[in-house]
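Undergrad: Per the working numbering, residue 315 is the first one in the sequence shown, and the count goes up by one each step.
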Amino acid sequence: MNVKTLEITFLDALQKTFKLSLPNIKGTITKEVVQEEAEKLVALNILKTVHGPVVKVAGAQVIDKSVIVLF
Numbered sequence: 315m316n317v318k319t320l321e322i323t324f325l326d327a328l329q330k331t332f333k334l335s336l337p338n339i340k341g342t343i344t345k346e347v348v349q350e351e352a353e354k355l356v357a358l359n360i361l362k363t364v365h366g367p368v369v370k371v372a373g374a375q376v377i378d379k380s381v382i383v384l385f
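1) Spell out whether any CB of chain D is found under 9 Å from the CB atom of Leu358.
2) How would you call Val364, buried or exposed, if buried means at least 16 neighbouring beta carbons within 10 angstroms?
3) Quick check: what's the CA-CA separation for Ile343 versus Lys330?
4) CA-CA distance, Leu358 and Pro367?
5) Tell me, to the nearest whole angstrom, how far the beta carbon of Ala372 is from that of Thr319; I am working on the premise that it is less than 8 Å.
6) Which whole-angstrom value describes the C-beta separation of Glu321 and Lys333, a residue pair presumed to lie in contact below a C-beta threshold of 8 Å?
7) Looking at the secondary structure, which residues open and close the beta strand (DSSP E) in which Val369 lies?
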C-alpha cells in the first residue's frame, strides 16, 4: 500500500521553518494548486508558531512511501 503525504514548509517572521503535513493525499495535485492554497493559509493568518504567525511559503513536497502490513 502506498501512502502519500503532502508536506508544506512555511517561514515565520524570524525565518524559522514550520511544517504542515497532510497525510493520505488522494488523486493528483499540482504545484500551482498547492502554492495557491498555501498562500491562502498565510493570508488568513491562522498558522502560528512560538515565534508568531507564518509569513511566507518556503516550499512543498509529496512524500510517497510504501507500507507493507504484515498482520
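All residues carry an ideal CB built from backbone N, CA and C; glycine is no exception.
TA: Considering the structure as presented:
1) Here chain D cannot be found, since the structure has a single protein chain.
2) Of the residues assessed, Val364 falls on the exposed side of the cut-off, its CB having fewer than 16 other CB atoms within 10 angstroms.
3) The alpha-carbon atoms of Ile343 and Lys330 are separated by roughly 26 Å.
4) Across the structure, Leu358 and Pro367 are spaced so that their CA atoms are roughly 10 Å apart.
5) About 17 Å separates the two Cβ atoms, so there is no contact after all.
6) Yes, Glu321 and Lys333 are in contact; Cβ-Cβ is about 6 Å, under 8 Å.
7) First-last of the beta strand (DSSP E) with Val369: 366-380.
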